[in-house]
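Q:
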Amino acid sequence: MMLRIPGGMRPRAMLAAAGLATAGVALLAAPPSAHAVDAGSLGATAAQSGRYFGTAVPAGKLGDSAYTGILDREFNAITPENEMKWDTTEPSRGSFNFGPGDQIVAHASAHGQRMRGHTLVWHNQLPSWVGSITDAATLRSVMDNHITTEMTHYKGKIYAWDVVNEAFADDGSGRQRSSVFHNVLGDGFIEEAFRTARAADPAAKLCYNDYNIENWSDAKTQGVYNMVKDFKSRGVPIDCVGFQSHFGSSGPPASFQTTLADFAALGVDVQVTELDIAQASATAYSNAVKACMNVSRCTGITTWGIRDSDSWRSGDNPLLFDGNGNKKPAYSAVITALGGSSTGGGGGSTGALRAVSAGRCLDVPNSSTTAGTNLQIWDCNGRANQTWSATSANQLTVFSGDSQRCLDAYDNQTTPGTKVDIWPCNGGANQQWRLNSDGTVTGVQSGLCLDVTGAATANGTGVELWTCNGQGNQKWTLG
Numbered sequence: 366m367m368l369r370i371p372g373g374m375r376p377r378a379m380l381a382a383a384g385l386a387t388a389g390v391a392l393l394a395a396p397p398s399a400h401a402v403d404a405g406s407l408g409a410t411a412a413q414s415g416r417y418f419g420t421a422v423p424a425g426k427l428g429d430s431a432y433t434g435i436l437d438r439e440f441n442a443i444t445p446e447n448e449m450k451w452d453t454t455e456p457s458r459g460s461f462n463f464g465p466g467d468q469i470v471a472h473a474s475a476h477g478q479r480m481r482g483h484t485l486v487w488h489n490q491l492p493s494w495v496g497s498i499t500d501a502a503t504l505r506s507v508m509d510n511h512i513t514t515e516m517t518h519y520k521g522k523i524y525a526w527d528v529v530n531e532a533f534a535d536d537g538s539g540r541q542r543s544s545v546f547h548n549v550l551g552d553g554f555i556e557e558a559f560r561t562a563r564a565a566d567p568a569a570k571l572c573y574n575d576y577n578i579e580n581w582s583d584a585k586t587q588g589v590y591n592m593v594k595d596f597k598s599r600g601v602p603i604d605c606v607g608f609q610s611h612f613g614s615s616g617p618p619a620s621f622q623t624t625l626a627d628f629a630a631l632g633v634d635v636q637v638t639e640l641d642i643a644q645a646s647a648t649a650y651s652n653a654v655k656a657c658m659n660v661s662r663c664t665g666i667t668t669w670g671i672r673d674s675d676s677w678r679s680g681d682n683p684l685l686f687d688g689n690g691n692k693k694p695a696y697s698a699v700i701t702a703l704g705g706s707s708t709g710g711g712g713g714s715t716g717a718l719r720a721v722s723a724g725r726c727l728d729v730p731n732s733s734t735t736a737g738t739n740l741q742i743w744d745c746n747g748r749a750n751q752t753w754s755a756t757s758a759n760q761l762t763v764f765s766g767d768s769q770r771c772l773d774a775y776d777n778q779t780t781p782g783t784k785v786d787i788w789p790c791n792g793g794a795n796q797q798w799r800l801n802s803d804g805t806v807t808g809v810q811s812g813l814c815l816d817v818t819g820a821a822t823a824n825g826t827g828v829e830l831w832t833c834n835g836q837g838n839q840k841w842t843l844g
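Given below as structure tokens:
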């Protein structure tokens, strides 16, 4: 029987060649909720910053109570290991089988877990009838029909889809790999797949997913980056890039955070989609998670499996739980990294100030530096008008140099409903803020909390001061 390797996974010999072996449903718009998992768990801790922490799940393990006990306690997102891949969903032309995938979706729905769809177009785990197609019109029709049928079946139940998986070569060329899709349809098959996917389910996020694209200087990384940049410039619908992150014992490359940030600056979310690290060093796991936490548009992390015994790399013991389901030291390191520093609610002293409930960032409209500009929440983009620094003088500053401005309670007002704006920093009490351990940000002068008006979540929603009430629209993370 042929080994079914997880999406984005290669046999060990290929990992070694890549330098990565042991030597080296109504969930679409809402941020993940902590209620589906235990307080203090991976998922709940990630949810404090509007992120998810997920894992890959095979349908065959859903009957294992020890397995599902950890799954439902710890993880607020699920990726199916094999159940949505082409050889399972359409083994013969026009004959679809969604039963195994439906089992996983039903479990996720019952436990409040987000679903990532994985994967629609991939050169592996592909039925032979697809691989033997040589006519472009036929293959295009087959590919488009497969995408449309599968996405329509799961419409409204999938948060994000890996539309195309592993399309770039490992040969240092920065170009697409040889596959039936590339060989018959040319480079344009990826664009075709994304446009078809958007038409099939306009609400789902559409991702490109690949391995060995974590190091910024690698040709493969640059090839994918240039494709995403081109897509964004021409309006090709792409919402996110998945970094599989199968690391050797040393963990992520030093440039990993730079890679995530530079992709995010193109206007896409970034996600760590298949994380595992040989020997599961606490430091290596911490570094991987911190890289995501330090990029505001890094929206979530998925490990490829729960226990070491569940892993395709079981000999490397690469996961957060041992074969008996016990937490390893890396688990605690991940929890700490997800929680961030004591600066308040999880994050660093400089970065995006993210509204937890909305999943959007405190934003100076149009990057204005005009004194008195009222603030809003907007999709996080990593730009200067969303980068805030907590100073030793208890100020929250934005921009730098002569353009530096402070978060300011308008006109020294201290009543609920007072707008917050930017103003030249003057050391006044209405420009001093406390970043509290419960995630709230309170004005020193007023004692009121920084509040997203009306608990709304839409772009452009204003921000004001309001009586502290413990609600999610008053919780923020900096970093």
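In this note's numbering, each number is its position in the sequence shown, counted from 1, plus 365. Note that CB positions come from ideal geometry on N, CA and C, so glycine has one too.
Please confirm whether Phe533 and Asp575 have their CB atoms less than 7 Å apart.
A: Phe533 places its beta carbon less than 7 Å from that of Asp575.
Q: Are Thr818 and Glu829 touching if we call contact CB-CB under 7 Å?
A: yes
Q: Taking only runs of the beta strand (DSSP E) that begin and end inside the stretch 428-513, which ones reach a length of at least 3 residues, in chain order?
A: Restricting attention to beta strand (DSSP E) runs no shorter than 3 residues, the stretch 428-513 encloses them at 442-445 and 479-487, ordered along the chain.
Q: According to DSSP, simplified to helix, strand and coil, what is Thr572?
A: It is worth fixing the name first, because residue 572 is Cys in this sequence and not Thr. Secondary structure at Cys572: strand, using DSSP grouped into helix, strand and coil.
Q: From the DSSP secondary-structure annotation, give me the bridge partner or partners of Gly419.
A: Ala442 and Thr667
Q: What do you reckon, are the CB atoms on Trp788 and Asp773 nearer than 7 Å?
A: yes
Q: Drop a sphere of 10 angstroms on the beta-carbon of Ala399, count the other beta-carbons inside from all chains shown, and report buried for 16 or more, exposed for fewer.
A: For Ala399, the pLDDT reaches just 37, beneath the cut-off of 50, and the residue's location in the model is therefore unreliable, leaving the point undetermined.
Q: Taking DSSP as the reference, what is the three-state secondary structure of Met374?
A: At Met374, the pLDDT of 43 sits below 50, so the modelled position is not reliable; the number obtained from the coordinates is stated separately. In this structure, DSSP gives Met374 a state outside helix and strand, which the three-state scheme calls coil.
Q: Since Thr842 is in the beta strand (DSSP E), which residue starts that stretch and which ends it?
A: Trp841 to Leu843
Q: Would you check if there are 3 or more beta carbon pairs closer than 8 Å linking the stretch 685-700 to the stretch 666-674?
A: yes
Q: Can the beta-carbon of Ser491 be found closer than 7 Å to that of Trp526?
A: Residue 491 is actually Leu in this sequence, not Ser. It is not a contact, given that the beta carbons lie outside the stated cut-off.
Q: How about Ala424 and Gln468: are their beta carbons less than 7 Å apart?
A: The answer is yes: Cβ separation under 7 Å.
Q: Which residues share a DSSP beta bridge with Cys814?
A: According to DSSP, Cys814 bridges with Thr807 and Trp831.
Q: Have a look at the DSSP bridge pairing and note the partners of Asp535.
A: Paired residue(s): none; Asp535 is not in a bridge.
Q: Have a look at Val763, Thr807, Val545 and Thr623 and flag the residue whose alpha-carbon is nearest the alpha-carbon of Pro781.
A: Thr807
Q: Look up Gly607 in the DSSP assignment and give the residues it is bridged to.
A: Asn574 and Gln636
Q: Strictly by DSSP, which residues pair up with Gly837?
A: The partner list for Gly837 (beta bridge, DSSP) is empty, contrary to what the question assumes.
Q: With a CB to CB cut of under 6 Å and the five nearest residues on each side skipped, what residues in its chain are close to Ser544?
A: His488
Q: According to DSSP, simplified to helix, strand and coil, what is Gly521?
A: coil
Q: Specify, as a first and last residue, the run of the beta strand (DSSP E) that Arg799 falls within.
A: Trp798 to Leu800
Q: Within its chain, find whatever has a CB closer than 8 Å to the CB of Thr517; leave out the 5 residues flanking it on each side and keep chain order.
A: Ala565 and Asp566
Q: Give me the Cα-Cα distance between Val785 and Gly827, rounded to the nearest whole angstrom.
A: 9 Å
Q: Just checking my contact of Val660 with Gly747 at CB under 8 Å: how many whole Å lie between their CB atoms?
A: 7 Å
Q: Using only the alpha-carbon positions, how far apart do Trp743 and Cys771 sit?
A: 19 Å
Q: Grab me the residues of Leu427's own chain with a C-beta within less than 8 Å of its C-beta, minus the 5 sequence neighbours each way, in chain order.
A: Thr433, Gln468, Ile469 and His472
Q: Looking at the structure shown, is Thr762 part of a helix, part of a strand, or coil, going by DSSP?
A: strand
Q: On a Cα-Cα basis, can you pick out the residue from Tyr775, Gly724 and Ala821 that is closest to Leu813?
A: Tyr775
Q: Using DSSP with H/G/I as helix, E/B as strand and the rest coil, what is Gln541?
A: In the structure shown, Gln541 sits in a strand (DSSP, three-state: E or B).
Q: With H, G and I counted as helix, E and B as strand and the rest as coil, what does DSSP make of Asn771?
A: Asn is not the amino acid found at residue 771; the sequence shown has Cys there. The answer is strand: DSSP assigns Cys771 an E or B state.
Q: Suppose the cutoff is 8 Å on Cβ atoms and the five residues either side in sequence are ignored; what does the same chain contact list for Thr762 look like?
A: Answer for Thr762: Trp753, Ser754, Thr756, Gln769, Arg770, Cys771, Leu772 and Cys790, listed in chain order.
Q: From the DSSP output, in three-state form, read off Gly716 for me.
A: strand
Q: Can you check which of these residues, Asn591, Ala475, Cys745 and Ile603, is closest to Thr822 by C-alpha distance?
A: Cys745
Q: Can you tell me whether DSSP reads Cys657 as helix, strand or coil?
A: Three-state DSSP puts Cys657 in a helix.
Q: Once you ignore the five residues that flank Asp816 on each side, which residues in its own chain have a CB closer than 8 Å to its CB?
A: Val828, Glu829, Leu830, Trp831, Asn838 and Gln839
Q: Please work out which residues of its chain come closer than 7 Å, Cβ to Cβ, to Gln741, disregarding the five sequence neighbours upstream and downstream, and give them in chain order.
A: Asp728, Pro730, Gly825, Thr826, Gly827 and Val828
Q: Would Arg458 be called buried (16 or more neighbouring beta carbons within 10 Å of its own) or exposed?
A: exposed
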